[in-house]
Amino acid sequence: GAGVSQTPSNKVTEKGKYVELRCDPISGHTALYWYRQSLGQGPEFLIYFQGTGAADDSGLPNDRFFAVRPEGSVSTLKIQRTERGDSAVYLCASSLRVQETQYFGPGTRLLVL
Amino acid sequence: AQSVAQPEDQVNVAEGNPLTVKCTYSVSGNPYLFWYVQYPNRGLQFLLKYITGDNLVKGSYGFEAEFNKSQTSFHLKKPSALVSDSALYFCAVLTSDTGRRALTFGSGTRLQVQP
């Protein structure tokens with residue numbers, strides 16, 4: 001079956017611009033997670049959703065980052081006033097329920113110039 | 114708080130030889146442990162997990178891992194390495210306790226299998 005998909009696969013933007021990254025989870029998965037992976041490091045948690053609500057957003061680095069999942073399926077990660085330090089690969093994962101295996105998408109590589 | 118340590122940045126092994134990639138963890142409560150593999154320019158691919166039960170867990174592509182509670186370790190192993198196993202491997206942990214529901218990852222270990 002279809003796995004987790006993410007668009008775009010690559011995004012180049014200028015400092016100060018706004019970007020949106022999209023995640024389409026595996027059908028039927030109720031939990032959705034966003035992680036950020038910087039070069040040479042393991043993924044770091046940003047936010048996770050159980051259904052439509054953000055159950056834990058403690059990993060968001062600051063208020064420039066925001067994510068939504070309005071219908072309990074597709075999620076969008078939004079970054080305002082991008083900074084060069086935001087450059088990373090943004091990974092999305094979904095699981096059937098919380099604490100079950102998370103399946104990852106291919107990621108969106110964001111480069112802020 | 115939960116944390117994962119992968120003490121080796123890189124592991125080199127000859128094709129056909131056994132391989133081990135080390136992982137130790139720290140959590141409150143019972144751990145749920147995972148191994149993922151990442152190939153260049155691709156997302157993380159699930160290999161195996163330990164939730165409860167038998168300490169030796171078998172996963173995809175001939176990989177296995179042994180949960181050792183006293184040593185708080187979950188080392189990844191394979192009896193005979195293939196060149197195609199060369200990739201970046203991540204250990205990750207969840208806790209059974211309420212609270213944090215997202216994975217905490219180690220920093221990764223690059224496995225290089227030489228022909």
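Each protein sequence line maps, in turn, to chains A and B. Letter by letter, the first sequence follows residues 1 to 113 in the numbering used here. Letter by letter, the second sequence follows residues 114 to 228 in the numbering used here. Where a beta carbon is used, it is the ideal one built from N, C-alpha and C, also for glycine.
Rounded to the nearest angstrom, how far is the Cβ of B:VAL117 from that of B:THR217, given a contact under 8 Å?
Within the second sequence, the letter at position 4 stands for residue 117 of chain B. Within the second sequence, the letter at position 104 stands for residue 217 of chain B. About 6 Å; that satisfies the 8 Å criterion.
Going by the DSSP bridge assignment, what does A:ILE47 pair with across the sheet?
Counted from its first residue, the first sequence places residue 47 of chain A at position 47. DSSP, once it has assigned bridges, lists A:TRP34 as partnering A:ILE47.
Buried or exposed: which applies to A:THR7, given that a residue is buried once 16 or more other Cβ atoms fall within 10 Å of its Cβ?
Within the first sequence, numbered from 1, the residue matching residue 7 of chain A stands at position 7. It is exposed - the Cβ of A:THR7 has fewer than 16 other Cβ atoms within 10 Å.
Going along chain A in order, which residues have a C-beta closer than 9 Å to the C-beta of B:PHE229?
Beyond the ends of chain B as shown, which are 114 and 228, falls residue 229 of chain B; an answer cannot be given.
My assumption, with CB atoms under 8 Å, is that A:ARG69 sits in contact with A:PHE49. Please give the rounded CB distance.
Sequence index remark: in the first sequence, residue 69 of chain A carries index 69 (1-based). Sequence index remark: in the first sequence, residue 49 of chain A carries index 49 (1-based). Right, the Cβ-Cβ distance comes to about 4 Å (below 8 Å), so this counts as a contact.
For the region 117–170 of chain B, which segments carrying the beta strand (DSSP E) assignment without a break, of at least 3 residues, lie completely within its bounds, in sequence order?
For secondary structure counted as the beta strand (DSSP E) over 3 or more consecutive residues, the region 117–170 of chain B holds these complete runs in sequence order: 123–127, 132–134, 137–139, 144–151 and 157–163.
Just confirm the distance between the C-beta atoms of B:LEU161 and B:PHE180, as a whole number of angstroms; I'd bet it's less than 8 Å.
The residue given as residue 161 of chain B occupies position 48 in the second sequence. The residue given as residue 180 of chain B occupies position 67 in the second sequence. Not a contact, Cβ separation roughly 11 Å.
For A:ALA67, which beta-bridge partners are listed by DSSP?
As a working note, residue 67 of chain A is residue 67 in the first sequence. The partner list for A:ALA67 (beta bridge, DSSP) reads A:LEU77.
Along chain A, in chain order, which residues have C-beta atoms closer than 8 Å to that of B:TYR138?
Translated into positions along the second sequence, residue 138 of chain B becomes position 25. At a C-beta separation below 8 Å, B:TYR138 has no neighbours in chain A, since its nearest C-beta there lies roughly 13 Å away.
Am I right that A:ALA88 and A:SER27 are in contact with their C-beta atoms under 8 Å? What's the rounded C-beta distance?
To locate residue 88 of chain A, count along the first sequence from 1; it is residue 88. To locate residue 27 of chain A, count along the first sequence from 1; it is residue 27. With 8 Å as the limit, A:ALA88 and A:SER27 do not qualify as a contact, their Cβ atoms being about 27 Å apart.
If contact means a Cβ-Cβ distance below 9 Å, which residues of the region 42–58 of chain A contact chain B?
GLY42, PRO43, GLU44, PHE45, LEU46, ILE47, TYR48, GLN50, ALA55, ASP56 and SER58
So which residues on chain B does A:TYR33 lean against when the C-beta distance must stay under 9 Å?
For the purposes of this step, residue 33 of chain A is taken as the residue at position 33 of the first sequence. Under the 9 Å cutoff, chain B gives ARG214, ALA215 and LEU216.
Evaluate B:ASP198 with the Cβ neighbour count: other Cβ atoms within 10 Å of its Cβ, from every protein chain shown; 16 or more gives buried, anything less gives exposed.
In the second sequence, residue 198 of chain B corresponds to position 85, counting from 1. Counting Cβ neighbours within 10 Å, B:ASP198 comes out buried, since at least 16 surround it.
Report the three-state DSSP secondary structure of A:VAL12 (helix, strand or coil).
Here the question's residue 12 of chain A lines up with position 12 in the first sequence. If DSSP states are grouped into helix, strand and coil, A:VAL12 belongs with the strands.
Just mark B:GLN115 as buried or exposed, buried being the case when its beta carbon has 16 or more other beta carbons within 10 Å.
Locating residue 115 of chain B in the second sequence gives position 2, counting from the first residue. Classification for B:GLN115: buried.
Express the C-alpha separation of B:SER220 and A:GLN41 in angstroms, rounding to a whole number.
Numbered from its first residue, the first sequence carries residue 41 of chain A at position 41. Numbered from its first residue, the second sequence carries residue 220 of chain B at position 107. Distance between the alpha carbons of A:GLN41 and B:SER220: 5 Å.
What's the call for B:TYR174, buried or exposed, on a 16-neighbour Cβ count within 10 Å?
The residue given as residue 174 of chain B occupies position 61 in the second sequence. Exposed, since its Cβ has fewer than 16 Cβ neighbours within 10 Å.
What is the rounded straight-line gap between the Cα of A:LEU96 and the Cα of A:PRO25?
Numbered from 1 along the first sequence, position 96 holds the residue referred to as residue 96 of chain A. Numbered from 1 along the first sequence, position 25 holds the residue referred to as residue 25 of chain A. Spanning the two alpha carbons is a distance of roughly 10 Å.
Got a sec: is the Cβ-Cβ distance from A:LEU91 to anything in chain B below 8 Å?
Translated into the one-based positions of the first sequence, residue 91 of chain A becomes position 91. By this cut-off, A:LEU91 is an interface position.
Rounding to the nearest angstrom, what Cα-Cα distance links B:GLN227 and B:ALA127 in this structure?
Start at 1 with the first residue of the second sequence, and residue 227 of chain B comes out as number 114. Start at 1 with the first residue of the second sequence, and residue 127 of chain B comes out as number 14. Approximately 5 Å, taken between the alpha carbons.
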